[in-house]
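Everything on this sheet refers to the single structure shown next.
Protein chains: 4
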Amino acid sequence: MKIKAAVLEKPHVLGIKEVDMPRPGAGEVLVKVKAVGICGSDVHYYVDGRIGDYIVEKPIILGHETSGEIAEVGAGVTHLKKGDRVALEPGIPCGSCQQCKGGTYNLCAEVRFHATPPYDGTFAEYVVHPAQFAFKLPEHISFAEGAMIEPLSVGIHATRQGGVGLGSRVLITGAGPIGLVTLLACKAAGAGVIAVVEGKQNRADMAYKLGATQVISTFDSDKIVAETKRLSDNYGFDTAIECSGAGPAAQTAVRALKRGGTLVFVGLFSALEVPMDLNAITQKELTFKGVFRYKNTYPTAIDLLASGRIDVKPLITVRFPWDKVKDAMDCAHKDAANQIKVMTEW
Amino acid sequence: MKIKAAVLEKPHVLGIKEVDMPRPGAGEVLVKVKAVGICGSDVHYYVDGRIGDYIVEKPIILGHETSGEIAEVGAGVTHLKKGDRVALEPGIPCGSCQQCKGGTYNLCAEVRFHATPPYDGTFAEYVVHPAQFAFKLPEHISFAEGAMIEPLSVGIHATRQGGVGLGSRVLITGAGPIGLVTLLACKAAGAGVIAVVEGKQNRADMAYKLGATQVISTFDSDKIVAETKRLSDNYGFDTAIECSGAGPAAQTAVRALKRGGTLVFVGLFSALEVPMDLNAITQKELTFKGVFRYKNTYPTAIDLLASGRIDVKPLITVRFPWDKVKDAMDCAHKDAANQIKVMTEW
Amino acid sequence: MKIKAAVLEKPHVLGIKEVDMPRPGAGEVLVKVKAVGICGSDVHYYVDGRIGDYIVEKPIILGHETSGEIAEVGAGVTHLKKGDRVALEPGIPCGSCQQCKGGTYNLCAEVRFHATPPYDGTFAEYVVHPAQFAFKLPEHISFAEGAMIEPLSVGIHATRQGGVGLGSRVLITGAGPIGLVTLLACKAAGAGVIAVVEGKQNRADMAYKLGATQVISTFDSDKIVAETKRLSDNYGFDTAIECSGAGPAAQTAVRALKRGGTLVFVGLFSALEVPMDLNAITQKELTFKGVFRYKNTYPTAIDLLASGRIDVKPLITVRFPWDKVKDAMDCAHKDAANQIKVMTEW
Amino acid sequence: MKIKAAVLEKPHVLGIKEVDMPRPGAGEVLVKVKAVGICGSDVHYYVDGRIGDYIVEKPIILGHETSGEIAEVGAGVTHLKKGDRVALEPGIPCGSCQQCKGGTYNLCAEVRFHATPPYDGTFAEYVVHPAQFAFKLPEHISFAEGAMIEPLSVGIHATRQGGVGLGSRVLITGAGPIGLVTLLACKAAGAGVIAVVEGKQNRADMAYKLGATQVISTFDSDKIVAETKRLSDNYGFDTAIECSGAGPAAQTAVRALKRGGTLVFVGLFSALEVPMDLNAITQKELTFKGVFRYKNTYPTAIDLLASGRIDVKPLITVRFPWDKVKDAMDCAHKDAANQIKVMTEW
């Protein structure tokens with residue numbers, strides 16, 4: 047039996063093809079895909095055919111922000127049944143290495159992650175997935191919201207890595223999709239002050255709409271530092287979360303932090319090396335923390351969406367039918383001035 | 047120069063007296079008191095003349111939930127000036143013991159705490175206080191809200207001790223004033239499920255109003271456990287916060303927790319000893335944590351009130367002029383069925 | 047093909063029987079067993095046929111403190127090869143529940159644990175085990191030492207749960223095998239003061255030999271508390287680790303702790319409920335932590351044995367050939383006055 | 047009344063002068079100085095007259111690694127008496143800022159630190175010090191050892207910041223005095239593998255003597271990384287502690303760490319900015335932590351010295367009478383090939 051899938055042959059060559067229908071094995075579920083969001087990484091593969099060392103060397107199915115409906119359950123699956131609506135966590139760790147046993151399965155060296163070469167993603171009519179990484183959605187959460195749990199997970203993990211909690215004073219540099227979901231998570235976690243640095247007008251507007259207590263549109267480091275001091279009784283911020291991938295943003299964040307503050311790195315830098323004032327780490331006793339994808343965030347995200355504490359719907363600025371994936375990719379690639387999240391639906 | 051103060055001579059004997067006007071020393075501020083909330087401990091001293099080993103042996107001024115206006119600053123005080131509106135953190139630690147240097151000044155054995163014998167509290171026209179424990183209130187926070195920061199601080203500290211954060215599933219046993227501020231803090235911290243056990247109707251209603259996702263009115267331990275399992279994908283709750291001081295509530299909480307869960311003790315038990323299933327601590331690898339007052343909560347609370355993320359106003363159910371303190375005490379003592387927080391104002 | 051195994055038919059009826067030779071599947075190893083230590087739980091099943099809710103309802107092979115030699119590796123096993131000497135971690139978690147993914151695989155509800163009904167243990171010539179829970183031993187660590195990694199793991203986990211580190215002041219109540227491995231782990235972790243409460247002479251002597259800074263032989267709670275105060279600049283201890291399963295020990299530990307101290311529960315109590323002063327948790331802001339088996343301790347233990355930082359050999363006070371398991375059990379059961387660890391060897 | 051002190055007038059001009067005898071105020075002690083170690087920072091001020099923004103603008107008394115004997119106690123001091131032998135923690139924080147109340151008094155912006163301009167140090171016959179920062183030494187710890195508690199404190203704090211504990215695999219880059227005390231602290235904390243990168247022969251020898259499991263003398267980054275992989279089952283190290291102040295060491299440490307590992311910065315870099323691969327922080331989810339001096343380490347160090355778990359005596363390679371401070375400074379400055387710690391004694 048054959049199903050349709052959107053296959054990327056090489057940069058910009060993306061079309062609907064027939065592929066084999068997958069079958070669920072023991073502990074797996076077959077999912078009829080219903081919504082897939084487009085991530086910056088999808089666009090990178092679509093446009094450049096690579097991200098760093100990850101290279102598209104053979105045709106690949108993109109897409110990893112996924113929700114759908116259970117079509118069939120494999121042997122031994124008890125917590126899901128046909129018809130259940132689910133969100134799919136796209137990384138499948140080995141389960142037996144030091145990292146997996148140590149509670150950091152997101153750092154598993156053997157992880158298979160949707161739409162990261164050589165593994166296929168979910169722009170297809172059906173996909174098979176381990177049941178333990180399929181999470182049931184309540185009826186009142188839409189499939190599009192379910193697909194948003196993937197990027198939201200990055201924001202939740204960044205918030206946790208940054209120790210953001212009640213009354214935290216937080217600086218977020220960059221308000222693209224990831225900066226914005228981080229803002230949502232920080233707000234939900236009780237941050238008292240959330241200042242966002244962002245120059246693009248549509249993103250700055252969205253940041254205010256989603257709960258930023260202040261949006262700083264300048265990129266002048268001195269002015270940003272002065273502003274953050276003013277907002278923090280002159281101590282500096284508890285936590286900065288770098289979502290822009292710009293070296294000067296990281297350097298500014300170091301200055302804007304209080305002694306003992308934490309700088310969380312989420313954005314990837316195009317520069318292989320960025321000059322950093324390492325003595326500031328010592329003299330201010332700073333903590334730097336990385337964010338690599340996420341772990342144990344799906345149940346959290348579902349509870350937060352279900353209780354209304356986080357609303358991701360405003361982030362979805364345009365929708366395409368899934369068989370127009372190429373148009374959706376082009377939109378995500380070329381219309382950043384107007385779009386936050388491009389969603390595709392089945 | 048003389049000022050007026052409400053002095054408790056012995057149980058139920060509480061009247062307005064003239065006392066000496068205090069003068070601020072170096073590092074201190076003189077505060078014109080504007081609002082003082084009545085705490086259960088005040089009522090205990092008023093009614094019984096003691097709480098455990100703390101005994102009213104000479105006349106005492108009660109009151110420790112305090113806000114006011116700076117009337118004068120002592121030498122060396124730079125961050126406050128005459129006319130500033132402030133909330134007062136009522137415990138003054140020694141600053142030099144192992145606990146103070148270790149970041150747990152609330153556990154300082156030498157702490158002087160308002161209205162805990164032999165130290166006077168704030169039911170007076172003026173009080174002197176260390177400037178470092180007087181926190182400036184923004185204009186749009188009322189004095190009554192400022193006084194509420196003290197009980198809210200207990201809720202914030204309980205939330206922190208319980209590790210409550212994004213998506214936490216929390217059980218709160220008891221919805222008196224402390225249970226309710228804990229609920230407010232848990233909600234602000236992003237808890238995904240907050241179930242409250244409370245039998246009194248006015249408190250249960252208030253819990254729903256403030257954001258409980260569920261209020262359980264039964265005291266049947268089996269039913270509570272079954273309900274919490276249902277609300278937590280059958281795992282049990284991440285955190286339980288015991289605010290009732292009832293042994294069966296603590297025992298039920300142990301059962302309602304997931305493996306690896308945390309039980310936070312806030313309420314004081316009238317029984318000297320409570321029978322506990324200690325093997326559950328081992329077999330479920332539970333964590334128990336105590337909450338003794340709070341630390342470093344005032345700036346947090348002010349940020350949360352200022353940004354609107356927490357609203358304490360619904361908790362203030364009745365107000366008295368401060369020179370009617372005795373009436374206010376009687377109200378707090380006798381009208382628990384209708385009142386949550388009794389506030390006095392100058 | 048048949049192998050020999052020691053099968054417990056019912057209490058006290060334990061004999062060598064022939065059983066089927068097991069075969070390793072994918073990801074598994076076949077291990078020729080070389081040494082198995084006898085644990086208190088083995089003795090309980092041997093004598094009473096049960097431990098709490100775990101009941102020997104059909105013949106069972108006991109033994110879970112195991113080392114051996116790789117006889118064959120299953121498909122996909124790359125980090126071990128025939129002839130490697132290994133220690134076996136006896137609990138096999140499901141790998142996919144909330145606990146497993148959250149870094150607490152020891153709390154997995156679906157764990158299969160050697161010699162815990164209905165699962166067989168390792169008193170046999172050969173056993174099959176998942177390769178990820180077989181850890182390679184350096185040449186200079188003997189098989190008997192390798193078998194000791196299992197009980198040592200409890201001590202390591204207790205030390206971690208108690209936050210014991212450089213300069214910690216620790217009280218250990220009870221110096222049976224588990225109390226003693228906890229002592230070894232606390233010493234290796236840099237505890238500055240380690241006081242042990244133990245009345246039996248052979249255990250007290252061993253505690254001194256292994257590095258206790260003080261052994262307290264009285265069970266008078268007041269005297270123990272006075273002594274611990276004296277040893278801690280009058281503050282009380284940072285951490286107490288309860289290894290005796292005696293209610294009065296737990297109650298005394300609460301009193302001996304400093305404000306903010308941590309009480310770790312390792313021993314199981316015969317009483318279903320123990321009366322506890324819960325207000326002490328609140329007023330001293332204590333932390334209680336449970337220890338259920340261990341997690342991620344085998345590589346740690348191997349590094350510590352290999353570098354000589356921990357020496358478990360003194361704990362092995364008597365050795366039996368493995369086919370004299372019944373004699374070994376009787377010795378462990380009846381000769382507690384002279385024995386710490388009874389070891390069997392192939 | 048006059049006493050003698052060693053006063054630095056300007057670089058290289060250091061002589062014994064008469065200064066006023068200090069008097070202890072309330073909460074203070076007068077200490078007859080008995081031993082002071084020479085730190086690299088003393089040498090910097092002696093040779094260059096400055097360290098970064100800290101400039102010797104008027105005559106200063108150097109020295110901050112200090113022990114002595116109580117000569118007199120000020121009002122209210124109860125835990126010390128005349129004749130007590132003490133080690134002095136040299137930084138005196140304000141006690142009332144956000145950092146002090148938050149448990150990070152080492153980050154207090156108002157700290158007064160011995161021998162950091164404009165504050166005098168302890169190369170004098172007598173000094174006055176707050177009693178809360180004078181720690182009683184047991185009789186069997188010498189004054190020279192007592193003076194070593196100051197640098198040892200940096201090692202203890204680095205070990206804590208790095209989360210080094212039972213079985214940790216640690217890389218230390220640089221084995222100068224601070225690298226070596228860090229090694230001592232890591233060993234005492236139970237690190238299973240401690241590899242030290244150091245090229246100078248006397249320091250490499252000392253590292254082996256003090257417990258390094260391996261000393262790597264090459265500075266070839268690829269070789270260091272290969273070696274650390276070999277020592278860590280190919281995962282990489284848990285923690286790296288950078289004590290050299292060399293950019294390439296920091297860059298190599300990033301590569302040598304496992305995913306999820308921690309890099310602790312202790313050494314100060316001469317370069318204002320060091321090029322760093324920030325994407326490694328994200329992709330390996332690394333943690334960076336700074337070490338600025340230390341906090342709450344003196345009681346820990348005293349327990350560890352008293353119990354013999356750490357021995358600092360081998361580090362003291364040469365001693366001078368205190369009035370030969372200039373010779374001692376010249377020795378520390380010029381004889382790095384032979385000396386680790388230069389100690390002066392009264």
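Chains as they are written, first to last, in our numbering: chain A, 47 to 392; chain B, 47 to 392; chain C, 47 to 392; chain D, 47 to 392. In this text, a Cβ means the ideal position worked out from N, Cα and C, and glycines have one as well. In this text the structure is predicted, and so the values were computed from the model without any measurement.
Let's test the definition: count the other Cβ atoms within 10 Å of the Cβ of residue i and tell me whether it reaches 16, buried, or not, exposed.
i, result
"Ala81/A", "buried"
"Thr112/C", "buried"
"His124/B", "His is not the amino acid found at residue 124/B; the sequence shown has Thr there. Answer is exposed; the Cβ neighbour count stays below 16."
"Val59/D", "exposed"
"His175/D", "buried"
"Gly222/A", "buried"
"Pro197/D", "buried"
"Leu256/A", "buried"
"Pro164/D", "exposed"
Name, please, each residue of chain D whose Cβ falls closer than 9 Å to the Cβ of residue i.
i, result
"Ser142/B", "Gly73, Gly141, Pro176, Ala177, Gln178, Phe179"
Could you give the first and the last residue of the continuous alpha helix (DSSP H) run that contains residue i?
i, result
"Pro294/D", "293 to 302"
"Lys147/A", "144 to 147"
"Arg365/B", "First-last for Arg365/B: 362 to 367, but that is the beta strand (DSSP E), not the alpha helix (DSSP H)."
"Leu15/B", "What the structure shows of chain B is the stretch from 47 to 392, and residue 15/B is not part of that stretch, so it cannot be assessed."
"Met252/A", "247 to 256"
"Ile327/B", "324 to 329"
"Ala237/A", "Unbroken run through Ala237/A: none, as it is neither H nor E."
"Ala378/A", "371 to 380"
"Asp349/C", "344 to 352"
Name the chain B residues that come within less than 8 Å of residue i, Cβ to Cβ?
i, result
"Asp349/A", "Gly213, Arg215, Gly238, Val239"
Using the DSSP secondary-structure output, state which residues sit across from residue i in a beta bridge.
i, result
"Ser267/A", "Note: Ser267/A sits in no beta bridge, so no partner."
"Leu54/C", "Leu60/C, Ile106/C"
"Leu76/D", "Glu118/D, Val174/D"
"Val93/B", "Note: Val93/B sits in no beta bridge, so no partner."
"Lys387/D", "Ile362/D"
"Ala155/B", "Ala155/B pairs with nothing; no bridge assigned."
"Pro321/B", "Pro321/C"
"Thr285/A", "Val216/A, Thr308/A"
"Arg131/C", "Glu115/C"
Just curious, the beta strand (DSSP E) that residue i is in, first and last residue?
i, result
"His125/D", "No beta strand (DSSP E) holds His125/D; DSSP gives it neither H nor E."
"Val312/D", "Note, Val312/D: premise wrong, no beta strand (DSSP E); not H, not E."
"Leu183/C", "Per DSSP, Leu183/C belongs to no beta strand (DSSP E) and is neither H nor E."
"Gly336/B", "333 to 336"
"Ile37/D", "The structure shown does not extend to residue 37/D, since chain D is modelled only from 47 through 392, so no value can be given for it."
Please list, in chain order, the chain B residues whose beta carbon lies closer than 9 Å to that of residue i.
i, result
"Asn342/D", "Gln144, Lys147, Gly148, Gly149"
Since residue i contacts residue j with CB under 8 Å, what's their CB separation in whole angstroms?
i, j, result
"Ser9/B", "Gly238/A", "Examination of residue 9/B is not possible in this model, given that chain B is present from 47 through 392 alone."
What residues from chain C crowd round residue i, counting only those whose CB sits closer than 7 Å?
i, result
"Ser290/D", "In chain order: nothing, as chain C lies at least about 23 Å away."
"Lys275/B", "Here the premise fails: no neighbours, minimum Cβ distance about 13 Å."
Please list the partners that residue i has in chain D, where partner means a Cβ-to-Cβ separation under 8 Å.
i, result
"Ala234/C", "Leu212, Gly236"
Consider the C-beta atom of residue i and the heavy atoms of the ligand ZN; say whether any pair is separated by less than 7 Å.
i, result
"Asp381/C", "Ligands are entirely absent from the displayed structure, and the ligand ZN is therefore not among its contents."
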